[in-house]
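Listed in order, the protein sequences are those of chains V and A.
Note that our numbering has the first sequence beginning at 5, numbered continuously upward.
Note that our numbering has the second sequence beginning at 33, numbered continuously upward.
Where is the CB? At the ideal position from N, CA and C, for every residue including glycine.
What follows is a set of notes on a single structure, which appears directly below.
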Amino acid sequence: MTGDIAYVLLEDGTRFDGDSVAHDSHATGEVVFTTGMSGYQESMTDPSFANQLITFTYPHIGNYGVSAEAMESDRVHARAAIMRSAVNREDAPNAEGAWLDWLRDCGVPAITGVDTRELVRHIRDGGAMRGGVFPGRIAEHEAMELVRAEPPMAGLDLAREVTPEGVHVVGPHGGPLIAAIDTGIKASIVRHLVQRGARVALHPCGVSATELLQSEPEAVFLANGPGDPAALGYIVDAVRGVLGKKPVWGICLGHQLLSRAVGLDTFKLPFGHRGGNHPVKDVETGRIEITSQNHGFAVVGPGGAHTIDVDEPVRWETDFGTAQLSRVNLYDRTVEGLTLLDIPAGTIQYHPEAGPGPNDALHLFDEFLDQVRPDAAHPDQHAGPDALRR
Amino acid sequence: MPRRDDIQRILILGSGPIVIGQAAEFDYSGVQACKVLKEEGYEVILVNSNPATIMTDPEFADATYVEPLLPGPVAQVIEKERPDALLPTLGGQTALNLARTLHEDGTLERFGVELIGANYDAIGRAEDRDLFGQTMERAGLRMPRSAIATTVEEAEDAADEIGLPAIIRPAFTLGGRGGGIARTREELRTIVARGLDASPIDQVLLDQSVLGWGEFELEVMRDRNDNCVVVCSIENIDPMGVHTGDSVTVAPQQTLTDRLYQRLRDQAFQVIRAVGWRPAGRTCSSRSTRKPRRSSSSR
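This is the structure we're talking about:
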């Protein structure tokens, strides 16, 4: 810890001063906020936060330290942590290290003393925007040049920055093989698939449909990940090549990629959904799950509307037949999941794997895997988790 | 959750005076319930023995009775006001026990009053410690070792199994009035005798001591469609052994990792589902403890 002055600077010139508390460097990217009250380490290591600076709305971060169990990938992907206050204790009951020491060792700058409520209101009004965390020794005009040099999030392919170089396979031999396109998959997703007996092959995001099909998986899984789905045409092409031939299930970015693959459009949300308290309604059963969310883009509703105004399973006509709404976000009425009715495919916008956040939707992993096991007694034609309820 | 149109008049029982074990949160939730039900167009009839609470200000209910929270006076109110339903889940232990009595003595049936929020069996599962323990066991949740005793001799036998120190609590007094921690056989006999006296059904519960463990509470809510939410999480700064009524608490919880917290949340939902509250706005307090990792006295 340096104890030196640091500041947050946004591209519109808004500045918040505070204290530099981790690595004494600067970071630029998109400034976003998460409303999770716990799970700070999971968020920092979630590849979906690549190129983003996380503002924590929870005012006090670091209480329970850091641990290996909370790693969602092998490294920190968020570029900085912006906090109201933080603690650096390693003597918490489950801690293996202290929060700020860990950030510093990972080379990640962090700032405290920021009025995060004001910053979040600013982002809610003006939208997630480019910005940076800077040590006080960097002059504001230099900082602004660095912020402006940062490419905007819309149109950005970040999958290539977080995807692995080669294929690697995890999970038990003999389990149903799931071919995942690794656009920055969270460790919790892999863990929940493997815990349920699946064998998961993680493919680099440049994998082709032919390569996926040649690996003879039981199903194809589209992962979470950072960046704009509209910039990932090559993955969308690969998905188009497997749709209808293998069951396909997508989470988060995977939901957006599958939607684009069937011809639906995506758009950038003003400030995204990030946190562990988003109520999502299953429009078929009426049940509500409190969900973990982390996304800045969303899929348009039928007719191109950004929101769904009815609690009904409305339908889209797509290049691959009819798609049906399965879930809607109760905060802003955006699409949270859909099921393809004519081919085995389904998607979920939020994070059933938690890590961090509620476990309300873990059952979706059971439903997905029950569906794709080769020994499934009467395989329904729909792989989407919702297909099972019909 | 759909609105119920088959009931018009709802009787709410307040919690009476603020005491340890039945603190201001019950009064607060009762006030909120009055507001919400009136907003929804229901007629609210209120009985509360506490004239000092804002709840008994005239504007909070259509008819307000400042009467003792006892079966006789409340039965008279029911006879006069003829409510369709009784909502007993917002007045703490006092209201729950009163609702049980009014069910058992036939008052509710006689005047056709439906218990809403929690039915008679669910109140029993939550408030009768033996039934609660069985319910938790069936739900697969671990509890401290415990036993029920109705005499001092039974309690002494039970203590051989559970070990000392043991926590002794009289049944049907949520705040622990009449209970205590027995470290010796002699203390055990004294506290059990006192507890049996304090319990309206002459029953005490003996629990394995979790003194020194961390204490967490979750306030959870469940609706008729089985949707559950956490209203808030609470962490006691003082360890187990300092009575909740004396303990400083902070909300939300501060020191659980996300994974531990989510596990606690899952378990709280298991509890409310197993007990079977199907409430319209009932908060159910679920407690959990965590053993200190560096405890040198762990068994």
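Is residue i close to chain A, meaning its C-beta is less than 8 Å from at least one C-beta of that chain?
i: V335 (chain V); result: The residue asked about is misnamed: residue 335 (chain V) is Tyr in this sequence, not Val. By this cut-off, Y335 (chain V) is not an interface position.
i: P97 (chain V); result: yes
i: N228 (chain V); result: no
i: A387 (chain V); result: No answer about A387 (chain V) holds up, because its pLDDT of 44 lies below 50 and its placement is not dependable.
i: R291 (chain V); result: yes
i: I294 (chain V); result: yes
i: E340 (chain V); result: no
i: E46 (chain V); result: yes
i: A381 (chain V); result: Reliability fails at A381 (chain V), whose pLDDT of 46 lies under 50, so the model's placement of it is uncertain and no value is given.
Where do the ends of the beta strand (DSSP E) carrying residue i lie?
i: K70 (chain A); result: Premise fails: K70 (chain A) lies in the alpha helix (DSSP H), 56-71, not in any beta strand (DSSP E).
i: P139 (chain V); result: 133-139
i: S296 (chain V); result: 292-303
i: P202 (chain A); result: 198-202
i: N268 (chain A); result: 260-268
i: E321 (chain V); result: 319-322
Chain A partners of residue i, CB-CB under 9 Å?
i: R195 (chain V); result: Ordered by position in chain A, no residue passes the 9 Å Cβ test against R195 (chain V), which lies about 11 Å from the chain.
i: E73 (chain V); result: T289, R291
i: G279 (chain V); result: The contacting residues do not exist; G279 (chain V) stays about 12 Å from chain A at best.
Got a sec: is the Cβ-Cβ distance from residue i to anything in chain V below 8 Å?
i: V261 (chain A); result: yes
i: N257 (chain A); result: yes
i: Q286 (chain A); result: yes
i: Q343 (chain A); result: In the structure as shown, chain A starts at 33 and stops at 331, and residue 343 (chain A) therefore has no counterpart that could be examined.
i: R331 (chain A); result: For R331 (chain A), the predicted model reports a pLDDT of 24, less than 50, meaning its position is unreliable and no value from the coordinates is stated.
Which chain V residues are close to residue i, counting only those with a beta carbon under 8 Å from its beta carbon?
i: R297 (chain A); result: P362, N363
Mind pulling the chain A residues with CB within less than 8 Å of residue i?
i: E357 (chain V); result: The premise fails here: E357 (chain V) is roughly 11 Å from chain A at the closest Cβ pair, so nothing lies under 8 Å.
Is residue i buried or exposed, if buried means 16 or more other CB atoms sit within 10 Å of its CB?
i: P100 (chain A); result: exposed
i: E171 (chain A); result: The residue you asked about is not Glu; residue 171 (chain A) is Ala in the sequence shown. Answer is exposed; the Cβ neighbour count stays below 16.
i: N67 (chain V); result: buried
i: P348 (chain V); result: buried
i: D186 (chain V); result: buried
i: D364 (chain V); result: buried
i: K190 (chain V); result: buried
i: I52 (chain A); result: exposed
i: C264 (chain A); result: exposed
i: H259 (chain V); result: buried
i: K250 (chain V); result: buried
i: M175 (chain A); result: exposed
i: R134 (chain V); result: buried
i: N257 (chain A); result: exposed
i: Q375 (chain V); result: buried
Would residue i pass as a contact of residue j if the rule is Cβ separation under 8 Å?
i: F20 (chain V); j: R128 (chain V); result: no
i: I155 (chain A); j: Q235 (chain A); result: no
i: D269 (chain V); j: G159 (chain V); result: no
i: G136 (chain V); j: A26 (chain V); result: no
i: V246 (chain V); j: V224 (chain V); result: yes
i: P120 (chain A); j: L45 (chain A); result: yes
i: L102 (chain A); j: L118 (chain A); result: no
i: A54 (chain V); j: A84 (chain V); result: no
i: H299 (chain V); j: V166 (chain V); result: no
i: T120 (chain V); j: T61 (chain V); result: yes
i: V252 (chain A); j: V242 (chain A); result: no
i: T85 (chain A); j: T96 (chain A); result: no
Can you name the residues of chain A whose CB is closer than 7 Å to the CB of residue i?
i: M41 (chain V); result: P284
i: G325 (chain V); result: Ordered by position in chain A, no residue passes the 7 Å Cβ test against G325 (chain V), which lies about 31 Å from the chain.
i: N67 (chain V); result: Q286, T287
What residue does the alpha helix (DSSP H) around residue i start on, and which one ends it?
i: P283 (chain V); result: That residue, P283 (chain V), is in no alpha helix (DSSP H); its beta strand (DSSP E) goes 270-286.
i: T167 (chain A); result: 161-170
i: Q375 (chain V); result: 367-376
i: L243 (chain A); result: Premise fails: L243 (chain A) is in no alpha helix (DSSP H) and is neither H nor E.
i: V70 (chain V); result: That residue, V70 (chain V), is in no alpha helix (DSSP H); it is neither H nor E in DSSP.
i: G258 (chain V); result: 257-265
i: A26 (chain V); result: Where A26 (chain V) is concerned, there is no enclosing alpha helix (DSSP H), given that its DSSP letter is neither H nor E.
i: E165 (chain V); result: 163-166
i: H145 (chain V); result: 144-153
i: Y396 (chain V); result: What the structure shows of chain V is the stretch from 5 to 394, and residue 396 (chain V) is not part of that stretch, so it cannot be assessed.
The ligand MN heavy atoms versus the CB of residue i: any closer than 7 Å?
i: N298 (chain V); result: Ligands in the displayed structure: none, and consequently the ligand MN is not present.
Consider the Cβ of residue i: report whether some Cβ of chain B lies at a distance smaller than 8 Å.
i: M87 (chain V); result: Structure shown: chain B not included; protein chains present are V and A.
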